[in-house]
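Enquirer: Chains as they are written, first to last, in the working numbering: chain A, 187 to 548; chain B, 187 to 548; chain C, 187 to 548; chain D, 187 to 548.
Cβ atoms here follow ideal geometry from the backbone N, Cα and C, with glycine treated the same way.
Protein chains: 4
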Amino acid sequence: MSGNSFGTLYCVTSFGESHGPAYGGVVDGCPPGLALEAADIQKELDRRKPGSSRHVTQRRESDTVEILSGVYEGRTTGTAIGFLVRNEDQRSKDYSAIAEKFRPGHADYTYWRKYGVRDPRGGGRASARETVVRVAAGAIARKWLRERYGVSIRGCLAELGEIAIPFKSWNDVDANPFFAANAALVPELEKFMDQLRESGDSCGARVNVVAQGVPAGWGEPVYGRLDADIAGAMMSINAVKGVEIGAGFASIGQKGSEHGDEMTPQGFLSNHNGGVLGGISTGQEVSVSIALKPTSSIRLPRRTIDTRGAATTIETTGRHDPCVGIRAAPIAEAMLACVLMDHALRHRAQCADVVENPRKIN
Amino acid sequence: MSGNSFGTLYCVTSFGESHGPAYGGVVDGCPPGLALEAADIQKELDRRKPGSSRHVTQRRESDTVEILSGVYEGRTTGTAIGFLVRNEDQRSKDYSAIAEKFRPGHADYTYWRKYGVRDPRGGGRASARETVVRVAAGAIARKWLRERYGVSIRGCLAELGEIAIPFKSWNDVDANPFFAANAALVPELEKFMDQLRESGDSCGARVNVVAQGVPAGWGEPVYGRLDADIAGAMMSINAVKGVEIGAGFASIGQKGSEHGDEMTPQGFLSNHNGGVLGGISTGQEVSVSIALKPTSSIRLPRRTIDTRGAATTIETTGRHDPCVGIRAAPIAEAMLACVLMDHALRHRAQCADVVENPRKIN
Amino acid sequence: MSGNSFGTLYCVTSFGESHGPAYGGVVDGCPPGLALEAADIQKELDRRKPGSSRHVTQRRESDTVEILSGVYEGRTTGTAIGFLVRNEDQRSKDYSAIAEKFRPGHADYTYWRKYGVRDPRGGGRASARETVVRVAAGAIARKWLRERYGVSIRGCLAELGEIAIPFKSWNDVDANPFFAANAALVPELEKFMDQLRESGDSCGARVNVVAQGVPAGWGEPVYGRLDADIAGAMMSINAVKGVEIGAGFASIGQKGSEHGDEMTPQGFLSNHNGGVLGGISTGQEVSVSIALKPTSSIRLPRRTIDTRGAATTIETTGRHDPCVGIRAAPIAEAMLACVLMDHALRHRAQCADVVENPRKIN
Amino acid sequence: MSGNSFGTLYCVTSFGESHGPAYGGVVDGCPPGLALEAADIQKELDRRKPGSSRHVTQRRESDTVEILSGVYEGRTTGTAIGFLVRNEDQRSKDYSAIAEKFRPGHADYTYWRKYGVRDPRGGGRASARETVVRVAAGAIARKWLRERYGVSIRGCLAELGEIAIPFKSWNDVDANPFFAANAALVPELEKFMDQLRESGDSCGARVNVVAQGVPAGWGEPVYGRLDADIAGAMMSINAVKGVEIGAGFASIGQKGSEHGDEMTPQGFLSNHNGGVLGGISTGQEVSVSIALKPTSSIRLPRRTIDTRGAATTIETTGRHDPCVGIRAAPIAEAMLACVLMDHALRHRAQCADVVENPRKIN
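1. Please confirm if ILE227 of chain C has its CB atom under 8 Å from at least one CB of chain A.
2. Can the beta-carbon of MET521 of chain A be found less than 8 Å from the beta-carbon of MET449 of chain A?
3. Can you give, in chain order, each stretch of the alpha helix (DSSP H) that sits fully within the stretch 211 to 297 of chain D and has at least 4 residues?
4. Is GLY464 of chain B closer than 8 Å to ALA312 of chain A when the C-beta atoms are compared?
5. Spatial neighbours of CYS197 of chain B within its chain, please: CB distance less than 7 Å, with the 5 preceding and 5 following residues excluded, ordered by chain position.
6. Starting from LYS377 of chain A, find everything on chain B with Cβ-Cβ shorter than 7 Å and list it in chain order.
7. Taking the Cβ atom as the reference point for each residue, do GLY403 of chain C and HIS533 of chain C lie within a distance shorter than 8 Å?
8. Kindly list, in the order they appear in chain A, the residues whose Cβ is closer than 8 Å to that of ASP539 of chain D.
9. Spell out whether any CB of chain B is found under 8 Å from the CB atom of LEU486 of chain D.
10. Under a three-way DSSP split, which group does CYS389 of chain B fall into?
11. Determine the contact status of SER475 of chain D and LEU412 of chain D, defining contact as a CB-CB distance below 8 Å.
12. Please compile the residues from chain D whose C-beta is within a distance smaller than 9 Å of the C-beta of PRO352 of chain A.
13. Give the DSSP bridge partners of GLY341 of chain C, in chain order.
14. Just the C-alpha distance for LEU382 of chain D and THR503 of chain D, rounded to the nearest angstrom, thanks.
15. Return the residues of the stretch 400 to 425 of chain A that lie within a Cβ-Cβ distance of less than 9 Å from chain B, sorted by chain order.
16. Return the CA-CA distance between ASP358 of chain A and GLU333 of chain C, expressed in angstroms with no decimal places.
17. Using a cut-off of 8 Å between C-beta atoms, extract the partners of GLY264 of chain C located in chain B.
18. Taking only beta-carbon positions, decide if LEU195 of chain A is within less than 8 Å of chain D.
19. Consider the Cβ of ASP305 of chain D: report whether some Cβ of chain B lies at a distance smaller than 8 Å.
20. What residue from A:PRO508, A:GLY193, A:ILE227 and A:VAL540 has the CA that sits closest to MET379 of chain A's CA?
21. When DSSP labels each residue in this structure, what does ASP492 of chain C get in the three-state scheme?
22. Can you name the start and end residues of the beta strand (DSSP E) that ALA530 of chain D belongs to?
23. Can you pull the chain C neighbours of TYR258 of chain D, defined as C-beta to C-beta under 7 Å?
24. With distance defined between alpha-carbon atoms, name the residue in D:ALA535, D:LEU526 and D:LEU346 nearest to VAL337 of chain D.
25. Going by DSSP, name the residue or residues bridged to LYS300 of chain D.
26. Taking buried to mean at least 16 other C-beta atoms within 10 Å of its own C-beta, is SER188 of chain A buried or exposed?
27. What residue does the beta strand (DSSP E) around SER456 of chain A start on, and which one ends it?
28. Using 10 angstroms around the beta-carbon of PRO513 of chain C, count the other beta-carbons present and answer buried if the total reaches 16, otherwise exposed.
29. Roughly how many angstroms separate the alpha carbons of ARG240 of chain C and VAL400 of chain C, rounded to a whole number?
30. In angstroms, rounded to a whole number, what distance separates the CA positions of VAL429 of chain B and ALA417 of chain B?
31. Look at VAL395 of chain C and GLY469 of chain C and say whether their C-beta atoms are less than 8 Å apart.
32. Consult DSSP for LYS377 of chain A and reduce its assignment to one of helix, strand or coil.
33. Starting from the beta carbon of TYR301 of chain A, find every residue of chain C whose beta carbon is closer than 7 Å, and list them in chain order.
34. With a cut-off of 8 Å, does the C-beta of LEU526 of chain C fall near any C-beta of chain B?
35. If we call anything under 8 Å between Cβ atoms a contact, is ASP415 of chain A one with HIS529 of chain A?
36. At which residues does the alpha helix (DSSP H) containing GLY442 of chain D begin and terminate?
Structure, rendered in structure tokens:
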């Protein structure tokens, strides 16, 4: 399987470039009988859509999805679900500058070294706009997970640059343009972002994602672990540089007597493991945290080279997110949904006949 | 592909349990003509071997590897390389206690929930002893990477519990039982470990791994990214709870003007990206950092439940590493080697005809 | 990987239904730098297009392909190539009859049993119209194989019902609507087909496909054999019931002294093996032959059951090929091209460093 | 996934060479709880064992299997099942002759061209002795299929050279060394084989395999069809040159009114489709037929070249099957079992929630 597909049984294939005619994808392996219409996908696409506040890119895209196959009379048929999102706002701007220079922090140089050629328009295939495909595929997965297993998946911005955003309530998340789970901090975030935009610079972010209602037993030791697949999926999101499950890097400083989650007949007493032990879900909340680097496209001048190898400088103008992490929550949710659905299917393939023990604690 | 194999072209399949007759594996896809003998693998196995100091498990295993196929007259033939490591020290101890109780922090409960049955002897398939297979497969990969591309892969312990171990020299690593790249700290580490063992508790650790000499161009956007595959591989190692590439979680607090690595005709001016941009190697050092949780097997009593669901307590006696991170460097190196080799093969499959640009900066 | 993708490195993913909005696909893994435009694909689609003679279905489809990604300034970029073929002639006919009855020989019953639901319009996903995706993907593969390795792939109709069509010349193939490599037989074929149509019945066919110029060395023992992958690919074509490589079933009656192809410094003296030994190409012509069953949609009344399990009869009217084998040559060529390209890439991944022996005989 | 593994969820990985220390394999994805011991596998290995009559190779191998993992207290645990079969009868004969010459019909030349090196001892990896791994993996699959779904899989010799063996009874199969389902023909077969051996030549064969009790619904359109995967699996068996499902090549001469199997409330009226429609099982008997070429190792002198490219001749002495088809029935059964089990698991992964319609006809 090549690099533009992922998943073993819930398999997502993606295509499209930032300034090409369209993005699209194929979701293969979805069970038949799921009620599905374009609006189910659209709802999630709208959550990640550009232009929704002054703090994100002002590119104008309706991001309207068209379902091309796999659905008949409002239900999935079990065959491949093809979908398409046309690009609308490909400005006819002059790309010769960035066609001849490599933007620091971008994939310009690596694509050029790998492929010999590259599509420089808006980042081409490396554009974060590719995440529309992930969000679309994730929308189907999360709908199935919710209806079939009662799983709910939510994400929020946990750090914006150096500002920590203590979790207060999921209800706050949809009421502000930052996906912040703490409404009280929104004015501070807005002020920070306004200053950042003015400075021409960008900043990093942390996004937390959790899945509630995941049954115990999903995940395959020893390489196909649930947490391993989650880590790979998260790190495949543009700009992500780190992934944690549960206590994550804080585990380093913990003692075993603190980290190892004790159990009682009423359930686990803590969740340092993040919902996964030995690569298999415990039945607790699956909790993931990711680090997103600051946007590489900034207005400040930077040293670089051109395609002839000569030293030069570059300033990236245009409509860029000053913090890609702000719109990342729906994307991280989507990736978690896809991995969980893949493992739900894989688990029941192998273990459908395992008799549930009545003494299970969750 | 099921959970006990990984890799697309350099494909590793693993089997074995802690107290079964043997561990073994199959490496498929290795190019023909590589000089290979058991000693090449043995050398790496010996680096992770238990019992090498008082700070690690005292289980006595020679970990002798036997190559069963794929090598003829000292060279790989291009066919599947099968290998075997017999278990020797499976003490005939009474497992009834842990057969009926779930050890906190272990996979006991999740295996039981997933499969309905489990092999309780020494953790069965969930034992970290499975990493012998990874190290063996990695030994072949690193030999090929070194001989074919000049890639060298090294790892070291960067934090032991709350003790940070500032990097001083790779030369120090093999001269102490901690894989510490700083000989001056060894007395402090020894004292810490002696106290830890005495307390009956365990601690977490951070391990850093780097690959030098990786050419630009390895990795496949958008899901098959080099960093995504590295993250998945690292998170699949027992006890790993977090993975970072390059600046990792420190990226959150960075500005774009700091994080985005500038380029000159002499090369990159920094390496915050960790050797990967857009999922493709830049030609810089590939740098990875992982967090390992504290060992779950500790002598202190812990609350848990038994298989009938009743509350109980458990103390884990036996021969356990008080810090699994101490022996983890060779394992993380092996996983990085396997991923890099897989991508080396994948890259030349697709891009063998790309003409190298003479103006490349590395 | 689920059922709508195939190939390891040259990976084709397909979606679409007969009466849905569109068919489309994603080709992943194509090397960068290949000159490619829609016309290259269109040319092959036109060869399999319906309505091109009175002997095939009269469904009117322009089968116009749109390339959506992966190509920039007329060259492949190495990223996923998405393409789309809109359906145009979905007659608004009443499908209630076949929605409630199972057509003998069709996939109606099996889809219903597998998925619980099915799209009855024109066969839905089971329609042979899905082969547009295969032909499109094959068009890219054959172009690359020809330009990179000088491989040429051709197919012809070898039997039409009980009429054998002895091979005379490849030049004849494109000059008649049957893909017959023997112009002299065309009048007989036309007469046969006219009578068949009149009778309301259908017939089977044999199609032969060969690839010339395949270098020695492609194919992976022991399960990923070139011939095994060819057999799987051919059997995945609608209506195919048998596959032969080289002497095929005639091998049964051969002696070893006849079948085993002798070698001389000038090359092999025969090609009973069909260009593959031990799963690896020999450098000879790769020759494949397939059997296609008679079209299941016939005007004659047939016994069947309805979805409530009651006995009934069905006559299938509409625009159907009386012999699906007639248009199958371009499809079989496409599948062979895809498999060969996949193995070309796989081979150079593993064996790029093997030094060609100057004493090779081809 | 590389060439030495097959299967998506029931995944078999194989290693070993004819004169290396051992063959072995890993079966991944087997459901937990299956009663399994070495004797279950041994029984099937004994059916394909060499030396069981004068009509097959006289190589002496006990083919004793050792299970190394994945089974605990007589039940599969759901983890990878590793197994080993040591080679015993690797005669220390001089291989220099065949090391320097290519045996016609063998993989000697293609391995040499692909890999640059090859293990010439007894065919190395290309030896049909590799089928011990297939038979072992198939033994586990058929046991699970039988116990879980009531599927039974049987094979027989249908043609020996030009002698057709009309099917009479499955009971006859195990009572003669030819796997002939017709005891009356055994004397004729014995006479034929005695003459063949005396002549120093070899012959081809046809083997039929059927699976009874396969439920409707297994198989994945459009590339992952059940029949496509069966065709690939069968063609991957050494010496196989052709595969048919159901009516196979006879479909060419059939009319649609004959081939398309009519349905009644009591079931299908015929089985020309061979138990698969649209790539999905119908609930009828799955019937497969394969052609095996004559053994390439014959005592008669044959023209060939040596590794320096010079013309020479070769006679292959040693202990070879004069007809590899004779021992092929257990191998073909095993491959069919593995494919069916893989699809059983894949089917329930996606369609576990499909409500069985009470009006189904089987």
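Expert: With the given structure in hand:
1. The residue given as residue 227 of chain C occupies position 41 in the third sequence. Under the 8 Å criterion on CB atoms, ILE227 of chain C is classed as non-interfacial with respect to chain A.
2. The residue you call residue 521 of chain A lines up with position 335 of the first sequence. The residue you call residue 449 of chain A lines up with position 263 of the first sequence. Their beta carbons are not under 8 Å apart, which means MET521 of chain A does not touch MET449 of chain A by this criterion.
3. Fully contained in the stretch 211 to 297 of chain D are the following alpha helix (DSSP H) runs of length 4 or more, in chain order: 224 to 234 and 282 to 286.
4. Working through the first sequence from its first residue, we reach residue 312 of chain A at position 126. Working through the second sequence from its first residue, we reach residue 464 of chain B at position 278. Yes; because the gap between Cβ atoms is below 8 Å, this pair is in contact.
5. If you number the second sequence from 1, residue 197 of chain B lands on position 11. If we look at CYS197 of chain B and ignore the five residues flanking it on each side, its Cβ neighbours are SER191, ASP214 and GLY215.
6. For the purposes of this step, residue 377 of chain A is taken as residue 191 along the first sequence, with counting starting at 1. Those within 7 Å of LYS377 of chain A in chain B number zero; the least Cβ separation is about 16 Å.
7. For the purposes of this step, residue 403 of chain C is identified with residue 217 of the third sequence, where counting begins at 1. For the purposes of this step, residue 533 of chain C is identified with residue 347 of the third sequence, where counting begins at 1. Pairing GLY403 of chain C with HIS533 of chain C gives a Cβ-Cβ distance under 8 Å.
8. Here residue 539 of chain D refers to the residue found at position 353 when the fourth sequence is read from its first residue. In chain order: PRO217, GLY219 and ARG334.
9. Locating residue 486 of chain D in the fourth sequence gives position 300, where the first residue counts as 1. Among the CB atoms of chain B, none fall inside 8 Å of the CB of LEU486 of chain D.
10. Translated into the one-based positions of the second sequence, residue 389 of chain B becomes position 203. CYS389 of chain B: strand per DSSP, three-state reduction.
11. As a working note, residue 475 of chain D is residue 289 in the fourth sequence. As a working note, residue 412 of chain D is residue 226 in the fourth sequence. No, Cβ-Cβ distance for SER475 of chain D and LEU412 of chain D is not below 8 Å.
12. Here the question's residue 352 of chain A lines up with position 166 in the first sequence. The premise fails here: PRO352 of chain A is roughly 40 Å from chain D at the closest Cβ pair, so nothing lies under 9 Å.
13. Looking up residue 341 of chain C in the third sequence gives position 155. Per DSSP, C:VAL395.
14. Counted from its first residue, the fourth sequence places residue 382 of chain D at position 196. Counted from its first residue, the fourth sequence places residue 503 of chain D at position 317. When rounded, the distance between both Cα atoms is 15 Å.
15. Cβ contacts with chain B come from PRO401, ALA402, GLY403, TRP404, GLY405, GLU406, PRO407, VAL408, TYR409, GLY410, ARG411, ASP413, ALA414, ASP415, ILE416, ALA417, GLY418, ALA419, MET420, MET421, SER422, ILE423, ASN424 and ALA425.
16. Within the first sequence, numbered from 1, the residue matching residue 358 of chain A stands at position 172. Within the third sequence, numbered from 1, the residue matching residue 333 of chain C stands at position 147. Their backbone Cα atoms lie some 58 Å apart in a straight line.
17. Taking the third sequence and counting its residues from 1, one reaches residue 264 of chain C at position 78. The answer, in chain order, is GLN536 and CYS537.
18. Sequence index remark: in the first sequence, residue 195 of chain A carries index 9 (1-based). Under the 8 Å criterion on CB atoms, LEU195 of chain A is classed as interfacial with respect to chain D.
19. As a working note, residue 305 of chain D is residue 119 in the fourth sequence. At a cut-off of 8 Å, the C-beta of ASP305 of chain D has a neighbouring C-beta in chain B.
20. By one-based count along the first sequence, residue 379 of chain A stands at place 193. Per the Cα distances, A:PRO508.
21. Here residue 492 of chain C refers to the residue found at position 306 of the third sequence. Of the three classes helix, strand and coil, the one that applies to ASP492 of chain C here is strand, per DSSP.
22. Residue numbering aside, residue 530 of chain D sits at position 344 when the fourth sequence is read from its first letter. Annotation for ALA530 of chain D: no beta strand (DSSP E) segment contains it, though the alpha helix (DSSP H) segment containing it runs 515 to 537.
23. Residue numbering aside, residue 258 of chain D sits at position 72 when the fourth sequence is read from its first letter. Simply none; closest approach about 28 Å.
24. On the fourth sequence, position 151 is the one that residue 337 of chain D refers to. Of all alpha-carbon atoms in D:ALA535, D:LEU526 and D:LEU346, the one lying nearest the alpha-carbon of VAL337 of chain D is that of D:LEU526.
25. Stepping through the fourth sequence from its first residue, residue 300 of chain D is reached at position 114. As DSSP reads the structure, LYS300 of chain D sits in no beta bridge.
26. Taking the first residue of the first sequence as position 1, residue 188 of chain A is located at position 2. That one is buried.
27. For the purposes of this step, residue 456 of chain A is taken as residue 270 along the first sequence, with counting starting at 1. That residue, SER456 of chain A, is in no beta strand (DSSP E); it is neither H nor E in DSSP.
28. As a first step, residue 513 of chain C must be located in the third sequence, where it is residue number 327. Note that residue 513 of chain C is Arg in the sequence shown here, rather than Pro. ARG513 of chain C comes out buried.
29. On the third sequence, position 54 is the one that residue 240 of chain C refers to. On the third sequence, position 214 is the one that residue 400 of chain C refers to. Their backbone Cα atoms lie some 36 Å apart in a straight line.
30. Locating residue 429 of chain B in the second sequence gives position 243, where the first residue counts as 1. Locating residue 417 of chain B in the second sequence gives position 231, where the first residue counts as 1. Here the C-alpha atom of VAL429 of chain B lies approximately 6 Å from the C-alpha atom of ALA417 of chain B.
31. The sequence position of residue 395 of chain C within the third sequence is 209, counting from 1. The sequence position of residue 469 of chain C within the third sequence is 283, counting from 1. VAL395 of chain C places its beta carbon 8 Å or farther from that of GLY469 of chain C.
32. Stepping through the first sequence from its first residue, residue 377 of chain A is reached at position 191. Here LYS377 of chain A sits in helix by DSSP.
33. Position 115 of the first sequence, counted from the start, is the residue given in the question as residue 301 of chain A. Going along chain C in sequence order, the residues near TYR301 of chain A (Cβ under 7 Å) are PRO218, THR263 and GLY264.
34. By 1-based counting over the third sequence, the position of residue 526 of chain C is 340. Closer than 8 Å: no.
35. Taking the first sequence and counting its residues from 1, the one referred to as residue 415 of chain A is at position 229. Taking the first sequence and counting its residues from 1, the one referred to as residue 529 of chain A is at position 343. Cβ distance < 8 Å, so ASP415 of chain A and HIS529 of chain A count as in contact.
36. In the fourth sequence, residue 442 of chain D corresponds to position 256, counting from 1. It spans 442 to 445 - the alpha helix (DSSP H) in which GLY442 of chain D sits, taken as one unbroken run.
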